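Colleague: Below is the structure I would like to discuss, written out as C-alpha cells.
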Amino acid sequence: MTIGLPLLAFLDAQGRQVTGGLPQEIVDRLTELGGSFGHRECPLHNSTTVIDPQLMKIVVFEKIKEYGVQPLLHCEIIGVNVEDGVLKSVILKGKGKEIEVFADVFIDATGDGDVAYMAGAEFEKGQYANGETQPPTLMFTVGGFNLEKFMDHLEEHPEELRHGHSMKIRPGYTAEFLRASENHVFVGLKNTISKLREEGKCPISRDTIIYINLPREGYIALNCIRILNFDGTKVEELSRGEVESHLQVLPLIDMLKEHIPGFENIYLSSIAPFLGIRETRRIIGKQMIREDAAVNGIIPDDTIALGSYIIDIHSGTNDSTVIRSLAGPYGITYGAVISKDVKRLMLSGRCISVDPVVFGSSRVMPTCMAIGEGAGIGAALAVQQKIAPEDVDVQEIRRRLRNHGAILSLEDVAATAGAQ
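Residue 1179 in my numbering sits at position 307 of the sequence shown, with consecutive numbering throughout.
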C-alpha cells in the first residue's frame, strides 16, 4: 500500500462496491487529505483507486493509534514455540535483542506465511502444474510526466492500448477513458516495447508499460520491472532480486524519455524500499477457496470478505500474463483463514487458503485488508470468549463487520449501491 500501487477490487465487474469497512475508512481519510480520488470503474481492472503512497503511511499510523494497536516495529520473526500442535509463542529479534511474544491467538499476516511455515503448517506454493510463482516487481515513481502529451500520442496510436498476447482492445479502455480522469492505471505500449526489445533497447523482461497516475500532478508510479525464475521465500533470491531490479530503473527511464511522447522530461523521484512480492506460500486452512467458487460467484453463509478482482496470473518465467474476468464477487470464508493443522493460528492477506487460480484474484490489497478485518474480529472474539478461533460464532463476526460497514453478500452490495 505504500509503494505506489493502486487499490484494486473495491468495485466488481458490474461497477458495484464489494469492499467496505476498514478499507473504505482508509480511503475516505486519504480522500480528505487529497491522497485519493476515490473509486472509478475500469474496463481493464474492474476498478481503480489510486492513492498517494506517502499519505497512506500517515493514514495507517493514524488508524493504528485510533484503534489502540500497540505496534512492535524494527523486528524480525526468528522462531516459534509449538507444543502438541498448539502455537504458544513467536520469537522476534530486534536491535540485538530477542523478544518472545505469548498470545491466545496469533494471526499470520506476513504475506509469505512465515509464522505458519515455522510452526509446521501445511502449505502450497505456486501453480499446481509446475510450482511456478508469480514474479515480484520493484515499484518506482517519476516526476515530470506530461499526461496530456501522452494522451495525444495514444489518440494518434490507439493500437498501443491493445493488451495481452491476443492483442485485443478492451471495450471502453481508450485514450478518451484515460484522459477523462486522473484516477487511472495505464497498461499498454506493447507495439513499441516489443520493437525496442527486438532491437536490444529495452532493459525489462516484459512487453508492456504499466503506470499508475498518482494524486500529484506530473507524478506516476511505474510497475514494469519483473524478476523471473524467482522464489520469494529465499533470502538469496530476495537479494538477487533487489540488485537486478534496481539496476533496471535508470535504463528504463532513459528508454522512456527517448522513445515515448510525454516521458521526455521525467526524472526519478523515489524507489520502493522493498520488492513487491506477488506470490509465495499459501497456507492450508480448515477450508480452501477453489476456482469453481470464484468463477461461479459462490458466497457462503460464513463469508467474512468478498473477492472480486480479475484472475490475474503473471508468468514467473516469461513476459506473459493470464487474465480472466469474473462476473461478480465470491466469498472469502472464515475457514480459509484458520490453519488446518496448527491450533491458535489464523491467517490473513495473501497467505490464506486458496488455490493458485483464486490466488490470482484474492492477492490484491483491498481484499487482503477486508480479510484482515474479519480475521481480527474472529481472533478477538476467540480471546474474549476463551475458545478456539474455529469455535467462534461466524454470524457474530459478520454482525460486527456489517456494523462497521463491511460488505459480505449480494444483499449488502445492493444496499450499498442504494445508499450511494
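Where is the CB? At the ideal position from N, CA and C, for every residue including glycine. These numbers were taken from a predicted model, which means no experiment stands behind them.
1. For a test of the three-state rule: what should DSSP assign to S1197, helix, strand or coil?
2. Need the endpoints of the beta strand (DSSP E) that A1286 sits in, please.
3. Apart from the five residues on each side of it in sequence, which residues of its chain come closer than 6 Å, Cβ to Cβ, to E948?
4. Would a C-beta distance cut-off of 9 Å place E1027 and A1052 closer than the cut-off?
5. In terms of alpha-carbon separation, which member of L1280, A1199, D884 lies closest to V1167?
6. Let me know the alpha helix (DSSP H) ranges lying completely inside the stretch 884-940, each 4 residues or longer, listed in chain order.
7. Whole angstroms is fine: what's the gap from V932's alpha carbon to R901's?
8. Determine the burial state of L916: buried for a count of at least 16 other Cβ atoms within 10 Å of its Cβ, exposed for fewer.
9. Going by beta carbon distance, what residues of the same chain come within less than 6 Å of Q1159, once the five residues before and after it are set aside?
10. If I measure Cβ to Cβ from G992 and keep anything under 7 Å in the same chain, skipping five residues before and after, which residues do I get?
11. Measuring alpha carbon to alpha carbon, tell me which of P1087, R1222, I1092 ends up nearest T982.
12. I believe I1099 touches P1008 by the beta-carbon criterion, under 8 Å. Please report the beta-carbon distance rounded to the nearest angstrom.
13. Please report how far the alpha carbon of E970 lies from the alpha carbon of K929, in whole angstroms.
14. DSSP has R1051 in a bridge; who is on the other side?
15. Quick one: is F974 buried, meaning 16 or more other Cβ sit within 10 Å of its Cβ, or exposed?
16. Starting from the Cα of Q999, find the closest Cα among A1165, Q1267, R1153 and give me that residue.
17. What's the C-alpha gap between P1228 and E994?
18. Near I1161, which residues of its chain fall below 6 Å by C-beta distance, leaving aside the five closest residues on each side in sequence?
19. Take every Cβ of the stretch 1091-1110, pair it with every Cβ of the stretch 879-893, and state whether three or more of those distances are shorter than 8 Å.
20. Which residues mark the beginning and the end of the alpha helix (DSSP H) in which G1113 is found?
21. Pull up the distance between the alpha-carbon of I1224 and that of I1156, whole angstroms please.
22. Run through the DSSP bridge pairs and tell me what K1215 is partnered with.
23. Quick check: the Cα distance between S1323 and E1262, rounded to an integer number of angstroms?
24. Under a Cβ-count criterion, where at least 16 other Cβ atoms within 10 Å of its own Cβ denotes burial, should V941 be classed as buried or exposed?
25. For the alpha helix (DSSP H) containing Y989, list its first residue and its last residue.
26. For G1248 and R1270, what's the separation of their Cα atoms in angstroms?
Modeller: Let me spell this out:
1. coil
2. That residue, A1286, is in no beta strand (DSSP E); its alpha helix (DSSP H) goes 1282-1291.
3. K965
4. no
5. A1199
6. 893-904, 925-938
7. 10 Å
8. buried
9. T1205, G1207, A1208
10. V954, V1214
11. R1222
12. Yes, they are in contact, since the Cβ atoms of I1099 and P1008 sit about 5 Å apart, within 8 Å.
13. The alpha-carbon atoms of E970 and K929 are separated by roughly 27 Å.
14. Bridge partners of R1051: none, in fact.
15. With fewer than 16 other CB atoms across the displayed protein chains lying within 10 angstroms of its CB, F974 is exposed.
16. R1153
17. A direct Cα-Cα distance of roughly 15 Å separates P1228 from E994.
18. Closer than 6 Å at Cβ, skipping near neighbours: A1208, V1226, V1230.
19. no
20. 1107-1131
21. Between I1224 and I1156, the C-alpha separation is close to 7 Å.
22. K1215 is bridged to V958.
23. The chain is shown only over 873 to 1292; residue 1323 falls outside these bounds and no answer can be derived.
24. exposed
25. 986-990
26. C-alpha of G1248 to C-alpha of R1270: approximately 12 Å in a straight line.
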